[in-house]
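For the sequence shown, full-length UniProt numbering assigns the number 1 to the initial residue and increments by one for each residue that follows. Heads up, the beta-carbon is just placed ideally off N, CA and C, and yes, glycines get one too.
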Amino acid sequence: MKHFAPLRARVEKDVVTRVTRVLRGKGVLNVRVGQQVLPEEIIGEATFSAGFRTLNLSSLLSVAPQDVEKLLVRNLGQRIYKGELLAFKKGWLFGSKKVVTAPTDGVLDFLNNKTGELKITFLSKKVSLPAGVYGIVEAVDHERGQAIIRTQVSRIYGMFGSGRSRNGTLHILSKNDDLITKSAILTEYEEHVLVGGSLFFKDTISAAISVGVCGIITGGIDAKDYRGMVGGRLVFPKKLDNDIGISIVVCEGFGSIPIGEDIFEILQSFEGKFVFIDGNKAAISLPSPLSSSLVKIKNTKLPELKNLDNSANIDRTEEVSELKPGLKVRIAGNSYLGVQGKLLAVNESLTLLPSGTRDYLATVETARKKIQVPVANIEIIV
């Protein structure tokens, strides 16, 4: 009797695709269609303000809100730099002096005399946009500050995720089976894509957003936390459009599950390199670091580009295939969730399971031992 299981693509190497590079503010792109680009090549420059920060000086100085303004040592509208003196209160007989320094570069924008809160607007700065990849420019939209580049990547497909397409420097935080706590998130990880272990806690994700982390790659996630990211649902429609300020790709499923070795090994080889992450498509694109990839890029024709907002041709069609001994498989259910191994055989007769149902059992050889699992809980890795 023949048995079938779903095919799941987890890692694809040397895929020619399109990526979109976007200016972070108002600026100018200096590339043209058909131009060949290198990763370090600057293709545009923009000026932007990263936002603002609010300080409750009433609380920091231990004074009434209406008394804050006279303790400022800078005038509203003035520029201030991180570490410079912002406000000062003298110490008296029964009170100690209070000193507040600027937490960031910025302009003293507005003081609310009713709450004692000071708004510091960050200074505008110029930011260069590197190509980030070896490739050929296929389209340039000067109005929106976008350039679409045909390039070669290795692609990783997760189970599900959340968040729009982002990019940053890949950093491995831990082993593939560690739990990632809030203390692991450092300020130096701004604009990084962090690879964790088996689970990112909710407060860890919040800390990553606060620091300015671009993306998170994890083995598992708490179902309740994920439900909060995607508007209360745990179903996965073909098109997601969620974003909580960070892009997350979950590689294995719900709960604490180590990232599979097939995915973790390739991520380790891209430590410190520039990558793309798309949570809503549950995909990670790792640009080729080799200049020789330009040969394949030049000789590969992609379908006509019709929509500049959806330039990355990430297509994950669901297929099934016959289970045969020797195939690499992954357990997609029961207590062995996420475990990978080689299929040895499938029983010829049905077995009564603890749940009261009957199914054919498959014997799978993992790195540690041989296990038997229902055929319904198996997927083929391609």
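- Counting along the chain, residue 267 sits inside the alpha helix (DSSP H) bounded by residues 261-268.
- For the 8 Å CB-CB criterion, residue 180 and residue 160 do not form a contact.
- Annotation for residue 286: the continuous beta strand (DSSP E) segment containing it runs 283-287.
- Taking the Cα of residue 88 as reference, the smallest distance to any Cα among 81, 63, 79 is reached at 63.
- Taking 8 Å as the upper bound for CB-CB distance, residue 153 and residue 147 are not in contact here, some 16 Å apart.
- Its Cα nearest to that of residue 222, the residue 250 stands out among 243, 250, 214, 212.
- Judged by DSSP in its simplified three-state form, residue 135 adopts strand.
- Here residue 341 carries a strand assignment [DSSP, helix/strand/coil].
- Look at residue 247 here: in three-state DSSP terms it is strand.
- For residue 320 and residue 13, the gap between their C-alpha atoms comes out near 21 Å.
- Counting C-beta atoms within 10 angstroms of its own C-beta, residue 134 has 16 or more neighbours from the protein chains shown and is therefore classed as buried.
- Annotated three-state conformation of residue 157 is strand, per DSSP.
- For the pair residue 120 and residue 101, the Cα-to-Cα distance works out to about 12 Å.
- Nearest to residue 144 by alpha-carbon distance, out of 23, 286, 375, 53, is 23.
- Inter-residue distance for residue 151 and residue 292 is about 12 Å (C-alpha atoms, whole angstroms).
- The region 46-55 makes contact with the region 105-123, as at least three CB pairs between them are under 8 Å.
- With a minimum length of 3 residues, the unbroken runs of beta strand (DSSP E) contained wholly in the region 12-56 fall at 26-29, 42-48, 52-56.
- Just so you know, the alpha carbons of residue 288 and residue 294 end up roughly 9 Å apart.
- For residue 70, the secondary structure class from DSSP, reduced to helix, strand or coil, is helix.
- Going by DSSP, residue 297 is part of the alpha helix (DSSP H) stretching over 293-299.
- Nearest Cα to residue 329 within the set 260, 29, 16, 78: 260.
- As computed with DSSP, residue 253 is found in a beta bridge with 220.
- For residue 328, the enclosing beta strand (DSSP E) has its first and last residue at 328-331.
- Straight through space, the alpha carbons of residue 59 and residue 109 are spaced by roughly 19 Å.
- For the pair residue 284 and residue 156, the CB atoms are nearer than the 8 Å cut-off.
- DSSP places residue 85 within a strand segment (E or B) once states are collapsed to three.
- Assigned with DSSP and collapsed to three states, residue 204 falls in helix.
- At the C-beta level, residue 362 and residue 346 come within 8 Å of one another.
- If you draw a 10 Å sphere on the C-beta of residue 142, you find fewer than 16 other C-beta atoms in it, and that means exposed.
- The beta carbon of residue 372 lies closer than 6 Å to those of 361, 363 in the same chain, with the five residues before and after it left out.
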